[in-house]
Amino acid sequence: MKSVLFSRFFILLPWILIVIIMLDVDTRRPAPPLTPRPYFAPYSGGRGGSRLPFRRGGPGRGREPRNESWPRPPPPPPEPPLPTIYAITPTYSRPVQKAELTRLANTFRQVAQLHWILVEDAAARSELVSRFLARAGLPSTHLHVPTPRRYKRPGLPRATEQRNAGLAWLRQRHGHQRAQPGVLFFADDDNTYSLELFQEMRTTRKVSVWPVGLVGGRRYERPLVENGKVVGWYTGWRADRPFAIDMAGFAVSLQVILSNPKAVFKRRGSQPGMQESDFLRQITTVEELEPKASNCTKVLVWHTRTEKANLANEPKYHLDTVTIEV
Ligand code: UGA
Ligand code: MN
Numbered sequence: 001m002k003s004v005l006f007s008r009f010f011i012l013l014p015w016i017l018i019v020i021i022m023l024d025v026d027t028r029r030p031a032p033p034l035t036p037r038p039y040f041a042p043y044s045g046g047r048g049g050s051r052l053p054f055r056r057g058g059p060g061r062g063r064e065p066r067n068e069s070w071p072r073p074p075p076p077p078p079e080p081p082l083p084t085i086y087a088i089t090p091t092y093s094r095p096v097q098k099a100e101l102t103r104l105a106n107t108f109r110q111v112a113q114l115h116w117i118l119v120e121d122a123a124a125r126s127e128l129v130s131r132f133l134a135r136a137g138l139p140s141t142h143l144h145v146p147t148p149r150r151y152k153r154p155g156l157p158r159a160t161e162q163r164n165a166g167l168a169w170l171r172q173r174h175g176h177q178r179a180q181p182g183v184l185f186f187a188d189d190d191n192t193y194s195l196e197l198f199q200e201m202r203t204t205r206k207v208s209v210w211p212v213g214l215v216g217g218r219r220y221e222r223p224l225v226e227n228g229k230v231v232g233w234y235t236g237w238r239a240d241r242p243f244a245i246d247m248a249g250f251a252v253s254l255q256v257i258l259s260n261p262k263a264v265f266k267r268r269g270s271q272p273g274m275q276e277s278d279f280l281r282q283i284t285t286v287e288e289l290e291p292k293a294s295n296c297t298k299v300l301v302w303h304t305r306t307e308k309a310n311l312a313n314e315p316k317y318h319l320d321t322v323t324i325e326v
């Protein structure tokens with residue numbers, strides 16, 4: 001009796017193994033790609049979420065499971081809407097302008113749900129910037145306001161009127177409705193921005209802060225953080241500033257901008273390097289600041305300043321036979 005059972009078992013064993021192997025092959029997930037996805041992947045990939053990676057495959061997305069009777073995993077819960085990042089960039093005409101804007105657009109294009117507010121320091125919108133934006137491939141708004149001549153002097157704050165024009169546009173656009181989730185960031189046209197920075201600022205509840213590289217005569221400046229709160233500033237320049245931070249070192253939620261309708265950049269009484277403090281003290285306190293970038297220990301943005309272009313050999317006569325935009 002025992003031997004009959006044993007022989008049956010050995011006859012069945014290969015069949016059992018085959019069934020197990022088939023089931024395993026059928027349900028095995030596709031192998032992960034050889035190259036790991038970059039860390040910023042959830043936020044890259046174009047507009048409107050159409051190319052968002054990590055989306056689960058739906059019908060018609062290839063790779064249909066071979067065993068239709070196998071239960072599918074439940075669909076993921078709907079994700080909350082991604083807050084829009086509004087980047088306000090003041091810009092002015094100079095030989096390097098188009099190069100700066102190209103570098104910026106190449107970064108911003110990779111950030112999902114980013115709206116670029118480009119504000120020209122000019123009496124009218126220029127052809128160069130209009131043409132550039134039309135082909136930039138990202139949602140944008142093109143504004144302009146000239147800096148009054150009396151303020152165009154070395155030592156005086158720059159881009160005050162342009163940043164205020166960006167703020168006014170935001171307030172007007174969102175004034176009559178409940179604010180959509182959004183984050184505002186002042187993105188000067190000559191800085192360098194990592195993609196990770198946008199991941200960090202996207203979760204801003206009121207006002208968030210982080211280090212800035214190559215600024216204030218140091219390799220970096222940063223907010224000093226203890227127990228998750230900003231308690232001081234690591235800076236080489238005017239440490240007495242209430243917020244010793246560069247314009248590139250903070251972001252503000254749209255809600256805060258709308259609930260403080262009078263908060264603007266001021267010309268009157270503003271000293272060099274005080275624009276950030278003058279603005280931030282109108283909308284927040286140091287205690288309230290939200291440290292980002294691993295408690296302000298990572299540099300994700302650099303206050304790079306572009307060298308003035310050397311055009312010493314531009315011809316006065318015998319100009320080129322064609323006109324080329326640079
Ligand atoms: C530092 C800060 O990083 C700036 O945020 C601040 O506005 C500036 O000081 C200041 O003193 O007001 P810095 O590199 O010295 O920056 O300034 P720029 O990069 O020359 O100018 C800041 C922004 O204003 C740039 O986006 C630039 O294109 C724009 N800008 C500059 C104008 O729109 N018009 C100008 O005449 C000059
Ligand atoms: Mn700059």
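No gaps in the numbering here: position 22 of the sequence shown is 22 in the UniProt record's numbering, and each next residue is one more.
For each residue, glycine too, the CB sits at the ideal point set by N, CA and C.
Less than 9 angstroms separating the beta-carbons of residue 281 and residue 250? no
Does the Cβ of residue 193 have 16 or more other Cβ atoms within 10 Å, making it buried, or fewer, making it exposed? buried
Quick check on the burial criterion: 16 or more other C-beta atoms within 10 angstroms. Buried or exposed for residue 130? exposed
May I ask whether a heavy atom of the ligand UGA can be found less than 8 angstroms away from the beta carbon of residue 271? no
Measuring CA to CA, which of 248, 270, 252, 152 is closest to residue 289? 252
Residue range of the alpha helix (DSSP H) that includes residue 166: 160-174
Let me have the residue list for the ligand MN: C-beta closer than 7 angstroms to any non-hydrogen atom, ordered along the chain. 188, 190, 191, 303, 305
Along the chain, where does the alpha helix (DSSP H) containing residue 259 start, and where does it finish? 254-259
For residue 151, which three-state DSSP category applies? helix
Is it a yes or a no for the stretch 253-266 touching the stretch 188-202, going by three-plus beta-carbon pairs under 8 angstroms? no
Cβ-heavy atom distance, residue 248 to the ligand UGA, below 8 angstroms: yes
Any contact between the stretch 98-117 and the stretch 71-90? By contact I mean 3 or more CB pairs, one from each, below 8 angstroms. yes
Can you look up residue 307 in the DSSP assignment and give me helix, strand or coil? coil
Could you pull out every residue in the same chain whose Cβ sits closer than 8 angstroms to the Cβ of residue 140, ignoring the five residues on either side in sequence? 115, 116, 117, 118, 133
Using 8 angstroms as the cut-off, classify the Cβ of residue 121 as near or not near the heavy atoms of the ligand UGA, replying yes or no. yes
Local conformation of residue 286 per DSSP, three classes: helix
I need the DSSP call for residue 103, collapsed to helix, strand or coil. helix
Please look up how many angstroms separate the CB atoms of residue 257 and residue 143, rounded, as I've assumed it's under 8 angstroms. That belief does not hold up - the Cβ atoms of residue 257 and residue 143 are roughly 16 angstroms apart, past 8 angstroms.
Cβ shell of residue 191 (< 7 angstroms), same chain only, five flanking positions each side left out: 248, 301, 302, 303, 304
Let's test the definition: count the other Cβ atoms within 10 Å of the Cβ of residue 307 and tell me whether it reaches 16, buried, or not, exposed. exposed
Taking the continuous beta strand (DSSP E) assigned at residue 184, which residues delimit it? 182-186
Run through the DSSP bridge pairs and tell me what residue 223 is partnered with. 233
For the ligand UGA, is there a heavy atom less than 8 angstroms away from the beta-carbon of residue 308? no
In chain order, what residues of the same chain lie with their CB nearer than 6 angstroms to the CB of residue 321, ignoring the 5 residues before and after it? none
Just checking residue 134 against the ligand UGA - is the residue's beta carbon closer than 8 angstroms to any of the ligand's heavy atoms? no
Let me check you understand the geometry: is the CB of residue 186 closer than 8 angstroms to at least one non-hydrogen atom of the ligand UGA? yes
Anticipated Cβ contact below 8 angstroms, residue 163 with residue 186, distance rounded: 6 angstroms
Near the ligand UGA: residue 91 beta-carbon under 8 angstroms from a heavy atom: yes
Using the C-alpha atoms, what's the distance from residue 279 back to residue 110? 29 angstroms
Is the distance from the Cβ of residue 210 to the Cβ of residue 200 below 9 angstroms? yes
Spatial distance of residue 100 from residue 126 (CA atoms): 16 angstroms
Could you give the DSSP three-state label for residue 213: helix, strand or coil? strand
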